[in-house]
Amino acid sequence: MAAVIDSDQSAPAGEAPIQSFLVTFIIRRYDPEVDAEPRWVDYDVEMYPTERVLDALHKIKWDQDGSLTFRRSCAHGVCGSDAMRINGRNRLACKTLIKDLDISKPIYVEAIKGLPLEKDLVVDMDPFLDAYKAVQPFLISHSHPEKGKERLQSAEDRERFDDTTKCILCAACTSSCPVFWTDGQYFGPAAIVNAHRFIFDSRDDAADVRLDILNDKEGVWRCRTTFNCTEACPRGIQVTRAIAEVKQAILRGGR
Ligand code: SF4
Ligand code: FES
Numbered sequence: 001m002a003a004v005i006d007s008d009q010s011a012p013a014g015e016a017p018i019q020s021f022l023v024t025f026i027i028r029r030y031d032p033e034v035d036a037e038p039r040w041v042d043y044d045v046e047m048y049p050t051e052r053v054l055d056a057l058h059k060i061k062w063d064q065d066g067s068l069t070f071r072r073s074c075a076h077g078v079c080g081s082d083a084m085r086i087n088g089r090n091r092l093a094c095k096t097l098i099k100d101l102d103i104s105k106p107i108y109v110e111a112i113k114g115l116p117l118e119k120d121l122v123v124d125m126d127p128f129l130d131a132y133k134a135v136q137p138f139l140i141s142h143s144h145p146e147k148g149k150e151r152l153q154s155a156e157d158r159e160r161f162d163d164t165t166k167c168i169l170c171a172a173c174t175s176s177c178p179v180f181w182t183d184g185q186y187f188g189p190a191a192i193v194n195a196h197r198f199i200f201d202s203r204d205d206a207a208d209v210r211l212d213i214l215n216d217k218e219g220v221w222r223c224r225t226t227f228n229c230t231e232a233c234p235r236g237i238q239v240t241r242a243i244a245e246v247k248q249a250i251l252r253g254g255r
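Residue numbers (UniProt numbering): 1 to 255.
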């Protein structure tokens, strides 16, 4: 239960002071050198409504238990390193405001699912990144632009893959996918999103190669259109639509 414990005396003159609350976080901890199984540990943390779950993790690490392990870098929704399950939903800790959570109840925080757990909130990203690399997520062109010129593209052609350029490889989509949880081979939504980004790029000449890769038994046909991926994406990418567009391109025999 959250309790008001303080008010911020530094609030601008004429504005009501911002109140802090005691919020309970229950974090799934796991140290492979000590624990046979993960265990849930409670922490009470003083928080302000405008702070984020990432701030809570910092306060716990700095003031209560320095062994708490998690990834983060930019702290502003750009690097994609702090995807985790917050109250059962995949989110970025740095983009999840305390005021948007129900602090009358404890807030549960655990590592994303479907990837090997290394320690506390950190998973092994190698299987995720291997799938990403397998779709050749880089521009492949068999021609050279005219000397000193750029590769031109119309606004309409750019629009075809604009949405999928926003991916920050946080793995929130892939690790929310029930097919990925149960099938260690499926490429997963993030790899397909990043294939989409190049398949529909008019400057790229390897769409057929990528469509062949994704037409494999571990490719797009494993998708069951559950929409978990689209709901999980912190960048608002229409992940399920991108997967559907790749499926249609395979059936058409090209983009
Ligand atoms: S598509 Fe969205 S959820 Fe998936 S890895 Fe990219 S940014 Fe993260
Ligand atoms: S820390 Fe970079 S996205 Fe959250």
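Backbone N, C-alpha and C define an ideal beta-carbon position, used for all residues, glycine too.
Span separating the alpha-carbon of residue i from that of residue j
i, j, result
"VAL45", "ALA232", "26 Å"
"VAL41", "ALA206", "49 Å"
"THR240", "MET47", "36 Å"
"ILE98", "ASN228", "23 Å"
"SER154", "ASP201", "11 Å"
"SER104", "ALA56", "16 Å"
"ARG160", "PHE198", "10 Å"
"ILE243", "SER175", "16 Å"
"LYS151", "PRO145", "It should be pointed out that residue 151 corresponds to Arg in this sequence rather than to Lys. Rounded to the nearest angstrom, the two C-alpha atoms are 6 Å apart."
"CYS173", "ARG158", "24 Å"
"LYS119", "LEU251", "42 Å"
"SER81", "ARG72", "5 Å"
"residue 270", "ASP212", "Residue 270 is absent from the structure shown; the chain starts at 1 and stops at 255."
"ALA191", "LYS133", "8 Å"
"PRO234", "LEU92", "7 Å"
"ARG89", "SER143", "45 Å"
"LYS147", "GLU110", "52 Å"
"GLU156", "GLY254", "18 Å"
"THR96", "LEU117", "22 Å"
"MET1", "ASP216", "Unreliable placement is indicated for MET1, whose pLDDT of 47 sits below 50; the coordinate value is still reported in the next sentence. Near 50 Å, if we compare the C-alpha coordinates of ASP216 and MET1."
"ASP126", "ALA13", "51 Å"
beta-carbon residue i near the ligand HEM non-hydrogen atom, thresh 7 Å
i, result
"LEU92", "Summarising the ligand content, the structure contains the ligand SF4 and the ligand FES and does not contain the ligand HEM."
Limits of the unbroken alpha helix (DSSP H) element including residue i
i, result
"TRP181", "178–182"
"GLU245", "239–252"
"LEU54", "53–59"
Residue i in three-state terms, based on DSSP
i, result
"GLN19", "strand"
"THR230", "helix"
"THR24", "strand"
"LYS119", "strand"
"ARG160", "coil"
"ASP42", "strand"
"TYR132", "helix"
"LEU101", "coil"
"MET1", "Summary for MET1: the model assigns pLDDT 47, below 50, so the residue's position carries little reliability, and this model does not support an answer."
"ARG29", "strand"
"ARG203", "coil"
Bounding residues of the beta strand (DSSP E) (the contiguous stretch that carries residue i)
i, result
"PHE83", "Checking the displayed sequence, the identity of residue 83 turns out to be Ala instead of Phe. Note, ALA83: beta strand (DSSP E), 83–86."
"ASN90", "89–92"
"ILE107", "107–110"
Residue i beta carbon near the ligand FES (any heavy atom closer than 7 Å)
i, result
"VAL78", "yes"
"SER141", "no"
"ARG89", "no"
"SER73", "yes"
Closer than 7 Å: residue i CB and nearest the ligand SF4 heavy atom
i, result
"GLY191", "This sequence places Ala at residue 191; Gly is not what is there. For the ligand SF4, not one heavy atom lies less than 7 Å from the Cβ of ALA191."
"ALA195", "no"
"LEU97", "no"
"CYS233", "yes"
"ILE237", "yes"
With 16 other Cβ atoms within 10 Å as the buried cut-off, status of residue i
i, result
"ASP183", "exposed"
"ARG39", "exposed"
"VAL193", "buried"
"residue 298", "Shown here, the chain extends from 1 to 255; a query on residue 298 therefore has no answer."
"VAL74", "Residue identity check: residue 74 is Cys in the sequence provided, not Val. So CYS74 ends up on the exposed side."
"LEU20", "Strictly speaking, residue 20 in this sequence is Ser, with Leu absent from that position. Per the 10 Å Cβ criterion, buried."
"PHE138", "exposed"
"HIS196", "buried"
Residue-level contact to chain B via CB, residue i, 8 Å cutoff
i, result
"CYS229", "You won't find chain B in this structure, because it holds only one protein chain."
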